[in-house]
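Okay, so the sequence shown: first residue is 1 according to full-length UniProt numbering, each after it adds one.
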Amino acid sequence: MLVAVLPTLVLAIVLTAFYTGSRVTDHREAHLARGQAFARQLAAASEYAVFSGNRESLRRLAGAMLAETDVLGVMISDRNGDALAQSGRLDATLPLPPRAVWTPGLVTASETLRVIEPVLPTSLDLDDGFDEAALDTLSGAGTPPVLGTVVVDISRAQLNARQNELLITGSAAILMVLIGSLVLAHYMSRGVTGPIRRVASAVERIGRGQFSARLSGIGGGTLRTLAEGVNQMAAKLASAHDDMSRQIADATAELRARKDEAERATLSKSRFLAAASHDLRQPMHALGLFIAELSQHTHAPASRRLVERIAASAEAMENLLDSLLDISKLDAGVLEPHISIFPLQPVLDRIAIEQRPRADTQDLLLRTRPTPLWVESDPVLFERIIGNLVSNAVRYTRKGRILIACRRRGERVRIEVRDNGVGIAAEAQEIIFQEFIQLDNPARSRDKGLGLGLAIVRRLTDLLGHRLAVRSRPGRGSVFAIEVPAAQPVEYAEPGETRRQPGDLLGVRVALVDDDPLAQAGMRSLLTSWGCEVSAGSDIESVLAALARSGHEPQLVISDYRLHGTSNGIDAIRMARTRYGESLPATLISGDTGPETLRQAQSEGLALLHKPVRPARLRALLNRLSDPERDF
1 MLVAVLPTLV LAIVLTAFYT GSRVTDHREA HLARGQAFAR QLAAASEYAV FSGNRESLRR
61 LAGAMLAETD VLGVMISDRN GDALAQSGRL DATLPLPPRA VWTPGLVTAS ETLRVIEPVL
121 PTSLDLDDGF DEAALDTLSG AGTPPVLGTV VVDISRAQLN ARQNELLITG SAAILMVLIG
181 SLVLAHYMSR GVTGPIRRVA SAVERIGRGQ FSARLSGIGG GTLRTLAEGV NQMAAKLASA
241 HDDMSRQIAD ATAELRARKD EAERATLSKS RFLAAASHDL RQPMHALGLF IAELSQHTHA
301 PASRRLVERI AASAEAMENL LDSLLDISKL DAGVLEPHIS IFPLQPVLDR IAIEQRPRAD
361 TQDLLLRTRP TPLWVESDPV LFERIIGNLV SNAVRYTRKG RILIACRRRG ERVRIEVRDN
421 GVGIAAEAQE IIFQEFIQLD NPARSRDKGL GLGLAIVRRL TDLLGHRLAV RSRPGRGSVF
481 AIEVPAAQPV EYAEPGETRR QPGDLLGVRV ALVDDDPLAQ AGMRSLLTSW GCEVSAGSDI
541 ESVLAALARS GHEPQLVISD YRLHGTSNGI DAIRMARTRY GESLPATLIS GDTGPETLRQ
601 AQSEGLALLH KPVRPARLRA LLNRLSDPER DF
């Protein structure tokens with residue numbers, strides 16, 4: 001509408017302004033000419049009367065001039081400016097000439113036009129031999145003398161009214177052109193932009209997925225072609241959408257089937273792994289117990305070496321199972337950190353003492369840089385993180401040195417483990433934190449570890465909210481670093497030795513429940529070698545019956561989690577506590593590493609040891625359970 005109206009409106013305004021201005025100018029010039037004609041006529045008629053001083057004649061001439069239309073007032077003055085005759089009303093706001101003027105003049109006010117005309121003597125052409133130049137010379141002046149002045153005031157009312165009429169007419173014409181242009185533009189918009197809006201609305205509906213939208217009755221020419229194109233586009237989109245929907249439905253069904261199949265396979269694998277893990281841990285548990293008892297006996301040197309090698313092999317298997325257990329705990333989300341403030345140096349010293357024998361066998365220099373810094377973290381999990389990093393550095397450094405260093409960075413402390421080992425390529429610096437990834441061990445040599453250390457480090461740092469970073473170049477070594485919150489020193493006591501001597505368990509009465517004969521025999525033999533009095537059975541009922549016959553009460557209960565029948569180790573401990581008191585110390589032993597077993601043990605407040613149980617860990621736990629008031 002703007003495109004249609006604006007040019008027409010501009011043209012109408014220009015033409016109307018031009019013609020209205022021309023007419024107003026014409027009326028103004030006609031009005032001025034009329035006033036000048038009146039003044040000249042009166043000046044010529046009053047020449048003799050002014051010359052002779054005939055005031056009566058001048059008054060008649062002035063009065064006769066008032067009969068003319070629009071004449072408001074007339075005044076005839078002599079050459080000195082004194083009025084000789086005056087009729088009508090002169091405009092007092094306009095100035096009068098002080099004396100006679102030679103040239104005509106005009107003075108204009110809003111309502112009055114004043115015309116001033118000189119009264120000049122008439123020149124007579126006499127054939128007396130004197131020309132006009134001679135007369136001028138004789139008179140001593142270059143111009144004839146002025147007899148007086150005529151002043152005529154003419155009203156501008158009609159002129160102003162006519163001008164207003166012309167302006168109103170012009171404005172009305174512009175308004176009529178504007179209205180006509182709007183009507184025409186509206187008609188054009190209904191004929192052009194209306195169909196375009198219908199096309200746009202249809203395209204918008206198609207864009208929202210309403211592929212059934214169609215256009216009909218759209219004019220002709222280009223608009224009809226456009227409408228047909230939109231209809232064809234909608235039809236093709238509807239067809240493509242139907243095809244795609246069918247393909248998505250088929251793909252979804254196939255994906256769902258594969259997902260179900262994968263879930264079934266995963267479930268079967270999980271069941272297999274759980275069963276295999278449990279079944280593998282059972283003999284490993286018994287083997288560890290028998291090896292521990294065997295190592296306490298006196299052997300010949302050759303037999304001692306054989307026992308040590310058997311123990312080393314069993315320990316390697318136990319390390320693998322422990323690492324798998326750690327991964328399982330972290331993935332299950334049952335491991336809760338216990339944050340406290342502690343000094344760094346004792347932790348680093350313990351790690352160095354633990355790893356230095358291995359470093360010495362490889363001719364590596366392992367040292368820690370002394371630090372007075374304190375941090376806020378879980379001390380056990382933190383020590384496990386740094387220990388895994390140092391162990392990894394020792395394992396992959398062929399020669400050179402390993403340094404553990406700390407420095408403060410604002411509100412955090414950065415702990416770095418530096419080595420000059422084989423290094424890690426940039427593209428592999430992320431995958432090394434996945435399970436069972438070993439870049440420099442394609443043959444899976446056992447002395448290179450299991451590929452779980454860094455995976456445990458990543459999970460532990462995520463659990464504690466610490467920053468983990470790695471910087472490495474192949475052949476130039478690696479730097480693994482974590483950042484933990486810094487803390488101010490507080491009162492801190494180093495944990496004491498957690499192990500007791502075997503004789504400390506002398507006479508401790510233990511109720512042992514295990515349905516695996518081999519594991520039960522191994523545990524019973526080990527506990528007996530520590531001086532414990534053991535009442536063992538495959539179920540809690542037989543153990544309680546044996547205790548009742550002996551007349552003794554157990555001082556602690558050790559039960560396997562999985563037992564024959566519908567009951568488990570938790571049920572067995574509940575039955576023992578029902579008979580001998582809720583404060584009866586107890587611990588679970590299980591080959592299950594699933595999160596459900598961990599949660600059940602935590603909900604009952606029971607210590608849980610996973611098979612294969614390390615004898616040292618079992619002895620430390622029994623010491624604590626048998627005498628909880630003693631500080632270990």
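Built from N, CA and C at the ideal position, the CB exists for glycine as well.
Cα-Cα separation, residue i to residue j
| i | j | result |
| --- | --- | --- |
| Glu604 | Gly453 | 31 Å |
| Ile456 | Ala393 | 15 Å |
| Thr498 | Ser542 | A caution first: Thr498 carries a pLDDT of 41, below 50, which makes its placement in the model too unreliable to give a value. |
| Glu411 | Gln488 | 11 Å |
| Ala580 | Ser550 | It is Tyr, not Ala, that sits at residue 580 in the sequence shown. Going by the C-alpha atoms only, they are around 15 Å apart. |
| Ala251 | Val203 | 30 Å |
| Phe18 | Gln210 | 57 Å |
| Ile339 | Trp374 | 13 Å |
| Leu226 | Gly21 | 49 Å |
| residue 718 | Val10 | Nothing in the structure corresponds to residue 718, since the chain is present only between 1 and 632. |
| Ala265 | Ile310 | 36 Å |
| Arg208 | Pro337 | 51 Å |
| Ala359 | Gly591 | 33 Å |
| Gly537 | His552 | 16 Å |
| Pro615 | Leu366 | 30 Å |
| Met65 | Leu42 | 8 Å |
| Gly477 | Ala620 | 39 Å |
| Thr193 | Ala12 | 25 Å |
| Thr587 | Gly288 | 18 Å |
| Ile206 | Ala262 | 39 Å |
| Arg617 | Asp571 | 24 Å |
| Gly81 | Val150 | 10 Å |
| Thr361 | Glu354 | 13 Å |
| Ala312 | Met284 | 13 Å |
| Leu167 | Gly35 | 24 Å |
| Ser139 | Ala39 | Since pLDDT at Ser139 reaches only 45, below the 50 mark, its modelled position is unreliable, and no value is offered. |
| Arg524 | Phe342 | 40 Å |
Close Cβ partners of residue i (< 6 Å) along its chain, the five nearest in sequence each way excluded
| i | result |
| --- | --- |
| Arg114 | Leu94, Val107 and Asp153 |
| Glu427 | none |
| Leu563 | Asp515 |
| Arg577 | Leu584 |
C-beta contact flag for residue i and residue j at 8 Å
| i | j | result |
| --- | --- | --- |
| Leu464 | Leu381 | yes |
| Ser212 | Ala238 | yes |
| Thr222 | Arg156 | no |
| Pro585 | Leu556 | yes |
| Val479 | Glu430 | no |
| Phe290 | Gly531 | no |
| Thr8 | Ser216 | no |
| Leu544 | Val534 | no |
| Lys399 | Asp349 | no |
Chain-order list of residues whose beta-carbon lies under 8 Å from that of residue i (same chain, five-residue window excluded)
| i | result |
| --- | --- |
| Arg458 | Phe433 and Leu468 |
| Val347 | Pro379, Phe382, Glu383 and Ile386 |
| Leu58 | Ser46, Ala49, Val50, Ile76, Leu84 and Ala85 |
| Ser445 | Reliability of the predicted coordinates at Ser445 is poor, the pLDDT of 49 falling under 50, and the value obtained from them is presented with this limitation in mind. Contacts found: none. |
| His241 | Gly209 and Phe211 |
Bridge-paired residues (DSSP) for residue i
| i | result |
| --- | --- |
| Gly387 | Gly387 pairs with nothing; no bridge assigned. |
| Asn164 | Bridge partners of Asn164: none, in fact. |
| Phe587 | Note that residue 587 corresponds to Thr in the displayed sequence, not to Phe. The partner list for Thr587 (beta bridge, DSSP) reads Ile558 and Ala607. |
| Thr112 | Ser155 |
| Cys532 | In the DSSP output, where bridge partners are listed per residue, Cys532 has none listed. |
| Ala487 | Trp374 |
| Phe480 | Val417 and Val470 |
| Arg264 | None; Arg264 has no bridge partner. |
| Ser340 | Ser377 |
| Ala511 | Ser535 and Val557 |
| Asn568 | Arg562 |
| Gly148 | Asp78 and Val119 |
| Thr368 | Ile404 |
Sequence-distant residues of the same chain with beta carbon closer than 7 Å to residue i, five excluded per side
| i | result |
| --- | --- |
| Thr371 | Leu344, Gln345 and Cys406 |
| Ala30 | none |
| Asn568 | Tyr561 and Arg562 |
| Pro98 | Gly81 |
request  = Could you name each continuous beta strand (DSSP E) segment of 3 residues or more that falls completely within the stretch 66 to 110, going from the start of the chain to the end?
outcome  = 71 to 78, 83 to 88 and 105 to 108
message = Quick check for students: name the residue ranges of the beta strand (DSSP E) that lie wholly in the stretch 401 to 442, counting only runs of 3 or more.
response = 412 to 419
message = Which complete alpha helix (DSSP H) runs does the stretch 161 to 241 hold, if anything under 4 residues is left out?
response = 193 to 207
Any alpha helix (DSSP H) of 4 or more consecutive residues that is wholly inside the stretch 22 to 56 = 47 to 52
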